[in-house]
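Input: a single structure, listed below in structure tokens.
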Amino acid sequence: MTSPLARHRPLPRRTRRLLANGLMWAGTTLCAAAALVPLGFLLYYVAAQGLPAINLAFFTHLPAPVGEPGGGMANAIVGTLILIGLASLLGLPVGILGGIYLAEFGGNRLGGAIRFSADVLSGVPSIVIGIFVYALVVVPMHRFSALAGGVALGIMMIPTVMRTSEELIRLVPTSLREAALALGATHPRTVFKVVLLAARAGVITGVLLAIARIAGETAPLLFTAFGSGLWSTQLDQPIASLPVQVFTYAISPYQDWQAQAWAGALVLVTIVLILSAAARYATRGRMRTVI
Amino acid sequence: MPSDSLSPRSHQTAPADKFVVRGLSFYYGRFQALRGINLAIRERQITALIGPSGCGKTTFLRALNRMNDVIDGARTEGAVLLDSEDIYQPHVDVVALRRRVGMVFQRPNPFPMSVFDNIAFGPRIHGLARGDELDALVERSLRRAALWEEVKDKLRDSALSLSGGQQQRLCIARLLAVDPDVVLMDEPCSALDPISTLRIEELMDELRESYTIVIVTHNMQQAARVSRETGFFLGGELIEFGPSERIFTHPRDRRTEAYITGRFG
Chain A
1 MTSPLARHRP
11 LPRRTRRLLA
21 NGLMWAGTTL
31 CAAAALVPLG
41 FLLYYVAAQG
51 LPAINLAFFT
61 HLPAPVGEPG
71 GGMANAIVGT
81 LILIGLASLL
91 GLPVGILGGI
101 YLAEFGGNRL
111 GGAIRFSADV
121 LSGVPSIVIG
131 IFVYALVVVP
141 MHRFSALAGG
151 VALGIMMIPT
161 VMRTSEELIR
171 LVPTSLREAA
181 LALGATHPRT
191 VFKVVLLAAR
201 AGVITGVLLA
211 IARIAGETAP
221 LLFTAFGSGL
231 WSTQLDQPIA
241 SLPVQVFTYA
251 ISPYQDWQAQ
261 AWAGALVLVT
271 IVLILSAAAR
281 YATRGRMRTV
291 I
Chain B
292 MPSDSLSPRS
302 HQTAPADKFV
312 VRGLSFYYGR
322 FQALRGINLA
332 IRERQITALI
342 GPSGCGKTTF
352 LRALNRMNDV
362 IDGARTEGAV
372 LLDSEDIYQP
382 HVDVVALRRR
392 VGMVFQRPNP
402 FPMSVFDNIA
412 FGPRIHGLAR
422 GDELDALVER
432 SLRRAALWEE
442 VKDKLRDSAL
452 SLSGGQQQRL
462 CIARLLAVDP
472 DVVLMDEPCS
482 ALDPISTLRI
492 EELMDELRES
502 YTIVIVTHNM
512 QQAARVSRET
522 GFFLGGELIE
532 FGPSERIFTH
542 PRDRRTEAYI
552 TGRFG
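Each protein sequence line maps, in turn, to chains A and B.
Under our numbering, the first residue of the first sequence is numbered 1, with each subsequent residue one higher.
Under our numbering, the first residue of the second sequence is numbered 292, with each subsequent residue one higher.
Pasting the structure below:
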């Protein structure tokens, strides 16, 4: 028996479907591409402006005094790495262990409160965190310091790391936990040897993204690490950092400083890109996790 | 590792009953999943538990190594005696218990690590072996699970690269590596193809001589093939228990008969 619809207009229906399909495909493709355009322009522009000022001295020399040509941002690059290290020292243990707590024992009121606080904390403007750490660390120590900057950035890392860790630990199937428990593994062993292992790719990604996010933070460093024109690797002294250096140079009236600000921005973007690529690399391979 | 109450494998001359279950009831919150189960499970033989979905057979199985403890709001009443020791007494070390009473799950659940590390997991956490001894233990466990020949060149590969049937035998080998007394199997073949199923059944037949095996299965042919005794569960109750031969040929309860002849369930 033939369908009346098929008899009346077999072609238009199919054509309409094909047309709708084509339109939707084009629409989604365009929007996806549109999302990439700003990133593409940004990378291109930063590279175009920054590359001319990049040379070996930029990575090996201290900032030159105003009016003197040359100089570099070696101290700021090292400073940023030190600050990231300090921040990780604070943010990673607290974030990951907190995430484990939330995932494993966080079904109670305390868990709810922590989760809510973390969400609020991740929404707090970074400059507020800077002021908070100023009061907490800088004032008692009577000076700006790398330590204070690390604390500020570390605090910013906590909510991201904690919530991503929690989510990914939750995604680990119950069957894996049960497999470990049924072998006579204790709860801590199960969590640290099996659950974290299964969730590791995701947790590492979360960590690297958190680091990438704080690497470019300027506001919380303004009154904590402050900045420095000198070599400083001492944790109780002010320390230079790329974002602050870029900020200082960019608003200066000197052209060579402005050029160096672009170069600094380029280095910063490159660091973030490398971290993102590393996040990808960390999740590669045959030892694929369950997630 | 072993607690004073749960010493490893006893050497006294085989008391025929490995488990004696008395008046076991289990609740998920307000839902009662098991209703006063009484049952004795003999040592070194295969006991099958059958019944329609939701009849409580898996819950019962998980009560035997206290895997139900993990569930929020769960409550157990009654006694489960393992070698005459009630495993629900408060002083019992659950970790030691589970080492003695291991479990194979419905879906193969290898850890996301290498084949070797999967097998070595149990021995490592219990400090059973290291170095060459550990290598030997891993090989022995894989051989007992009839998997060695297939994976001996892939010990460093991810366990997740194995086929489903191999993964399930890996899980059995992983369990054998901690040398349990009892192996609980929760529908171990339900996710496997017929050939893999056959291999697991052959394996069970070999393990029967050294271990007490309790298997939950939806597959009545399987229960009839592999088990010495069979229990039929329905609505949280144990309806009938006895030699498999009799259960499958002359069931005494008409509900058992209805189930095994496929009239419901």
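The beta-carbon is built from N, C-alpha and C at its ideal position, and this holds for glycine as well.
Shown here for M162 (chain A): same chain residues with a beta carbon closer than 6 Å to its own, the five before and five after excluded, namely G95, G98, G99 and A118 in chain order.
L466 (chain B) reaches chain A at A182 and L183, counting residues in chain order whose Cβ is nearer than 8 Å. Listed in chain order, the alpha helix (DSSP H) elements of length 4 or more contained wholly in the region 406–456 of chain B are 406–416, 422–435 and 439–442. For H382 (chain B), not one C-beta of chain A is nearer than 8 Å to its own C-beta. Excluding residues up to 5 positions away in sequence, V385 lie with their Cβ nearer than 7 Å to the Cβ of D360 (chain B) in the same chain. If you draw a straight line from the Cα of R357 (chain B) to the Cα of F317 (chain B), it is about 11 Å long. For L197 (chain A), the residues of chain B that pass the 8 Å Cβ criterion are F402, P403 and M404, in the order they occur in the chain. Between the C-alpha atoms of L275 (chain A) and L208 (chain A) there is a straight-line separation of about 6 Å. Comparing alpha carbon positions, the residue from A:L181, A:R177 and A:P125 closest to I155 (chain A) is A:P125. Under DSSP, the beta-bridge partners assigned to P63 (chain A) are A:G71.
Within the region 120–159 of chain A, the runs of alpha helix (DSSP H) that reach at least 4 residues and sit entirely inside it are, in chain order, 126–133. I214 (chain A) sits close to M157 (chain A), with the two beta carbons spaced by under 8 Å. Each residue's CA atom was taken as its position, placing M394 (chain B) and Q336 (chain B) some 16 Å apart.
DSSP places G216 (chain A) in the coil class of the three-state scheme, outside both helix and strand. Residues G72, A74 and I77 of the same chain have their beta carbon placed closer than 7 Å to that of F59 (chain A), with the five preceding and five following residues left out of the count. Contact with chain A is absent for A354 (chain B), since none of that chain's Cβ atoms lies less than 8 Å from the residue's Cβ. Taking 8 Å as the CB threshold, L176 (chain A) lines the interface with chain B. Interface criterion met: the Cβ of V194 (chain A) is under 8 Å from a Cβ in chain B. Between P401 (chain B) and L242 (chain A), the alpha-carbon positions lie close to 46 Å from each other.
Taking 8 Å as the cut-off, the Cβ atoms of T521 (chain B) and I341 (chain B) count as close. When beta bridges are read from the DSSP output, A339 (chain B) appears opposite B:I506 and B:T521. Proximity of M476 (chain B) to chain A, defined by a Cβ-Cβ separation below 8 Å, is not satisfied. Here E531 (chain B) is buried, its C-beta having at least 16 other C-beta atoms within 10 Å.
Within the model, the alpha-carbon separation for S452 (chain B) versus L461 (chain B) is close to 12 Å. Between the C-alpha atoms of A282 (chain A) and T205 (chain A) there is a straight-line separation of about 8 Å. For L147 (chain A), same chain residues with a beta-carbon under 7 Å away, outside a window of 5 residues either side, are L86, V137, L235 and D236 in chain order.
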